[in-house]
Structures are given as C-alpha cells and as structure tokens.
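Taking it in order: structure first as structure tokens, then the write-up.
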Amino acid sequence: MEIKTKKGKIEQEKAEVVVLRHFEGKNISEEDDIKKIDQILGGMISDIIKDNEFTGVLNQSIMLHVKGKMPAKRVLLVGLGKKEEFNSDRLRQAMGRACSHIRELGIKSLSTSVSETDRKNYSVEDAAQVMVEGGLLGLYRFDKYKSDKDSDKKEIKEWTFVESSEKKIGSVRRGIDRGTILAEGTNFARDLGNHPSNVVTPERLVGIAKEMAKEVGIKCKILDRARMERLGMGALLGVAKGSMEPPMFIILEYNGMKKKDAPVVLAGKSITFDSGGISLKPSDKMEQMKDDMSGGAVVLGAMKIAAQLKLPVNLVGLLPATENMPGGNAIKPGDVLKTMSGKTIEVINTDAEGRMILSDALCYADDYKPAAVIDIATLTTACVIALGNGVIGAMGNDDRLIAMLKKAGDITGEKLWELPLVEEYNEQIKSDIADVKNVGGRAGGSITAALFLSKFADNYPWVHLDIAGTSWNEKKKPYIPKGATGIGVRLLVRFLSDYCKGN
Ligand code: BES
Ligand code: ZN
Ligand code: ZN
10 MEIKTKKGKI EQEKAEVVVL RHFEGKNISE EDDIKKIDQI LGGMISDIIK DNEFTGVLNQ
70 SIMLHVKGKM PAKRVLLVGL GKKEEFNSDR LRQAMGRACS HIRELGIKSL STSVSETDRK
130 NYSVEDAAQV MVEGGLLGLY RFDKYKSDKD SDKKEIKEWT FVESSEKKIG SVRRGIDRGT
190 ILAEGTNFAR DLGNHPSNVV TPERLVGIAK EMAKEVGIKC KILDRARMER LGMGALLGVA
250 KGSMEPPMFI ILEYNGMKKK DAPVVLAGKS ITFDSGGISL KPSDKMEQMK DDMSGGAVVL
310 GAMKIAAQLK LPVNLVGLLP ATENMPGGNA IKPGDVLKTM SGKTIEVINT DAEGRMILSD
370 ALCYADDYKP AAVIDIATLT TACVIALGNG VIGAMGNDDR LIAMLKKAGD ITGEKLWELP
430 LVEEYNEQIK SDIADVKNVG GRAGGSITAA LFLSKFADNY PWVHLDIAGT SWNEKKKPYI
490 PKGATGIGVR LLVRFLSDYC KGN
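When you read off a place in the sequence shown, starting at 1, and then add 9, the result is the number in my numbering.
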C-alpha cells in the first residue's frame, strides 16, 4: 500500500472513504473534523448518534454513503471509546478496525487526517505513526500457502493523509514513515512465526537473517555445529541431537554508536519446532509449536527496525536455533549436559528445552561485556496460566530495565508484568548430580524457569521476557490477526529508543 500526504481539507477531499473518529458519549461539537463534516451532511452524523445507531464505543465502525453532499463517496465512523480512557493504543486499535472494515468491503483507498481528537499529550507525528501502525498491522494476512490468494481479491492500494497546515505536513510524513517501518518489521516477525517448520528450519532462518542483514546493512555471523562444539555449547547441541536438521547459532551486530560502546544484547529463543523431544507433547495444538522460534523472530524484527531507524545504540542479536525432536540420538530425561559456561544441567524433562538453549546464548553474550541483555522466549505454559494471553511476563536482576520495558509496553500496547525472582525457589531446581536441573515442578513454573536462566546471566543487567501466552493469537483482535502476533518487536524498539535517550 502506498501512504501519501496531501495539503488540503479533509471535508473537501474527493475520496472513496474518509475515516472519522468519535468518542463515546461526547458531543461532536467538540470534535473538529466530524463537526465540520456533520454540518456539510446536514446533521446526518448527529442524527445517527442521537438514535444510538452509532455510539462511539471502542472499535465500533459504521459506513455511511454521502455521495453528492460532499466530494467523498463515503464516511466511515469509528469509535474511540470514552474520552477519559483514551490512549494511543485505542487509536491504533480503531485504525486497525477501520482498515479491516474498508478492505472487507473491497474498497481500494481511504483518506484520513490527524485531528485534535487523535491526540492526547503526544505529537502530530506520534499520532500519524500510531494510526499507520494500527492500519498496517490490522491488514496483515498470511496467505503464502493458498492457491486462491486473499490478496488477489481485496486490497487497499492507497491511504492519503490530508493536512491543512503546511507546517504539519513534515511531521505527518515522519510519523507515517516511522509507523510503516515499525509495522513492516512486526509483520516480518509474524511471517516467520506463521511459516510452517518444514519451511523455517534453522538453516532457512540463517538465510532469512542474512538477507535481512544485507538489506539494512548490518553484520550477520553464523556458528555451525563444529564451531558450537569448539565453544562447548553443550546445551544447544544437546537439544539439537534428536533432530535431522543441523542447529545454527545466528549472530547479528548493528553499530549505531562508536564500536567501543557497550552493546545491548537481545537473545531470542529460536526453536523452529518444539515436539517436546522424548518428553513428547500431547498432539492437541502441537502444530502451534512452529511458533516456538518467535523469540528469535522478534529479535530479527527489532534489529531490522533499529537499523532502519538508525537508533544511536550498539546492538547484538543472538538466535540459538534448532528443532526439539525425539529421535534415536535424542537427549533423554536423566542426561547431563555441559553448557558453554562450564555449568552442568540435569535434563529432567526434554520439553524444557528453551531455557537450555538460552543458557548457551546468555553465556555467549558475556563476551560482549554488554550494557544490558534482554532475552525473549516462548518459555513456559505457567506464564500463560499466570498472565493469560494478553500480558508478557518479565523477570530479571535490574529494576530500572524492567521499569523501562514496562513503560515502553504501556506506550506500544504490549503489556508486560513483572513476576518476582523468589530466591528461595532456587531449591526447586537443585539437582542431586549436576549444578542445576531443567525443571522445578509445576509451582511457580515461570519463576523457576527464569531462576534457571539467571544462573547464566549473572554478569550483567538482565531481563527475561516470557511471551508463551502472547506470541500466538487464537481470536482476531483489531490490529492482531489470528496466528503469530509479533509481540515484542515494537516493545523492544521503543525500549531501545528510550534507552539511548537515557530515560
Ligand atoms: N515452548 C514451550 C512453552 C509453550 C507452551 C509456549 C505453550 C507456547 C505455548 C516450552 O518449551 C515448554 O514446553 N515448556 C514446558 C516446560 C515444562 C516441561 C517444565 C511447559 O511450560 O509446559
Ligand atoms: Zn518445550
Ligand atoms: Zn519450547
């Protein structure tokens, strides 16, 4: 889709459809664009509101034909909910809903303006960015394996931002560009989670990472099995033993600052398929485990965006990638693995593989003497039970980083909540024969998983993000279609841009 800016007045725009936002229960005389257009339409909108056909409740949308009364053919009204409860995520949602509605009807273009209604203590640029994010994220679809492609039939080709003030056009344009980069980077991560595991193998992930790195001008290095053996990455190699696919360790480096400045390391769990291994998972919903590499996908998406936005930060992305499969050579419960750090792990359950591959990545991160390390992983079912499908679990050894991530998530609409790293629960992962065991029982499962990781992250400020509940979506939301959500991408980018500003 092409997104354009144009100087002019929205009420004079000759558009297929003009999208207008409205607050529930508010008088439209307080809403600039809608007020002007209602007058032109002879009170048509106020009548509809008066008759309760459109109330403005969040994400409600209704299409009106207005041809003849104004240059545009149609007006789409979208609800923003109550004004007191408004925030930028509601604008994102409303635009996601609006764009889906327009596309469902087979309409090929739309026009909007950034009105006062859309802004609440943020700039015109931010409002334009959020609107574009909502639209492009909401229009995402994955039809690569369909012969009869949805995208051949209905597609919005053009979106025009009409702006009456010459001064503001530059801000709108910058917001559109940033929103497009953020949405496209997120949709790139979504694609990776939606592709089946017979396509996105560790090897294929390497190809995709290299291609992305080349496109945005960042470095990409690969460690193959022989290199991993020399480095002693026994945990990653152990998990990979049951699979016919060779494991890969992908390293991405982006320098937005002087080389000597300590980087932020992002490590993403990249299990391209998690069958559970010898501790085989039940078959119900097992197909969803193709998304068990979404932590890695998020890291690729965030690095891509950071490079495109030229964020002034040094970044390293680490993706330990393998399948977790049962096989004649697979690791078995009771086996002991030696990690790169030298610490040993007793494997109690081969399905708790994420924490094991991450242990080698967290140790590898040490070499960079990082300023901060954030790992992101579909790690535990316990996190789904604790926080549900709408909230990321966060744990770590640095309160400031967690607070910054929480603030970033509140802005991007990717909620996260801290769970405590309860010192005493370390008892649960004590092994009789090794340094640590890979499961700590059902009680506090997300916490014991993070405590396990903390043993390999003791040299630097570190946060672990558990996206097991949030990386896959079962029911369409305004800007999150079914399937891989790409959650974490915009969150990390926002965090990084705040981080480089030092707040
Ligand atoms: N990839 C799974 C966690 C998961 C479950 C992610 C559901 C998304 C949706 C992880 O590798 C796993 O299997 N964890 C086990 C650990 C347990 C055996 C200690 C779990 O949480 O059930
Ligand atoms: Zn598992
Ligand atoms: Zn897993």
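We treat Cβ as the ideally placed atom computed from N, Cα and C, and that holds for glycine.
- As for any beta strand (DSSP E) of minimum length 3 sitting wholly inside the region 49 to 112, the runs are 70 to 74, 83 to 88, ordered along the chain.
- The chain-ordered list of residues whose CB is nearer than 5 Å to some heavy atom of ligand 1 reads D283, D301, N358, D360, A361, G363, T387, T389, T390, V448, A477.
- Relative to the Cα of E193, the nearest Cα in the group G243, A306, N398 belongs to A306.
- Remark: the shortest separation between the CB of N196 and any heavy atom of ligand 2 does not fall under 8 Å.
- Counting along the chain, no beta strand (DSSP E) covers E238; the unbroken alpha helix (DSSP H) around it starts and ends at 234 to 240.
- By alpha-carbon distance to D60, the top candidate from G34, K44, E40 is G34.
- Relative to ligand 3, even the nearest heavy atom lies 8 Å or more away from the CB of M53.
- In the three-state DSSP reduction, E262 falls in the strand class (E or B).
- For F170, the beta-bridge partners assigned by DSSP are T14, T121.
- With at least 16 other beta carbons inside 10 angstroms of its own, V123 counts as buried.
- Restricting attention to R364, P321, E113, F151, the CA atom closest to the CA of A276 is found in R364.
- If you look at S368, you'll find it in the alpha helix (DSSP H) that goes 363 to 375.
- The beta strand (DSSP E) runs of length 3 or more contained entirely in the region 463 to 496 are, from start to end of the chain, 471 to 475.
- Taken in chain order, the unbroken stretches of beta strand (DSSP E) that lie wholly in the region 379 to 457 and span 3 residues or more are 381 to 386, 401 to 405, 425 to 427.
- Annotated three-state conformation of T359 is coil, per DSSP.
- Bounds of the beta strand (DSSP E) holding S279 are 279 to 283.
- Residue state for R213 is assigned as helix, using DSSP reduced to three classes.
- For G336, the distance from the CB to the nearest heavy atom of ligand 2 is not below 8 Å.
- Taking the C-beta atoms as reference points, L119 is found no nearer than 9 Å to E20.
- Using a cutoff of 8 Å, the CB of K491 does not count as near ligand 2, since none of the ligand's heavy atoms is closer than that.
- Per DSSP, reduced to three states, the secondary structure at M302 is coil, with no helix or strand assignment.
- In the three-state reduction of the DSSP assignment, L346 falls in the strand class.
- Residue side-chain check: G285 places its Cβ nearer than 8 Å to a non-hydrogen atom of ligand 2.
- Fewer than three Cβ pairs drawn from the region 300 to 320 and the region 404 to 411 lie within less than 8 Å of each other, which leaves the two stretches out of contact.
- Of the other Cβ atoms in all chains shown, fewer than 16 fall within 10 Å of the Cβ of I442; this residue is therefore exposed.
- Under the three-state reduction of DSSP, L318 is assigned to coil, being neither helix nor strand.
- By the Cβ-count criterion, D369 is buried, with 16 or more other Cβ atoms from all chains shown falling within 10 Å of its own Cβ.
- In the same chain as I227, and ignoring 5 residues on each side of it, the C-beta atoms closer than 7 Å to its own belong to L261, E262, Y263, M312, A316, in chain order.
- Assigned with DSSP and collapsed to three states, V208 falls in coil, not helix or strand.
- By the beta-carbon neighbour count (other beta carbons within 10 angstroms, threshold 16), A458 is buried.
- The beta carbon of K290 sits closer than 8 Å to at least one heavy atom of ligand 2.
- E39 and H31 have their C-alpha atoms roughly 10 Å apart.
- For L425, same chain residues with a beta-carbon under 8 Å away, outside a window of 5 residues either side, are V400, I401, G402, A403, L414, K415, G418, L474, L500 in chain order.
- Taking each of G52, E94, G65 in turn and checking the Cα distance to V75, the smallest one comes out for G52.
- Of the other Cβ atoms in all chains shown, fewer than 16 fall within 10 Å of the Cβ of S173; this residue is therefore exposed.
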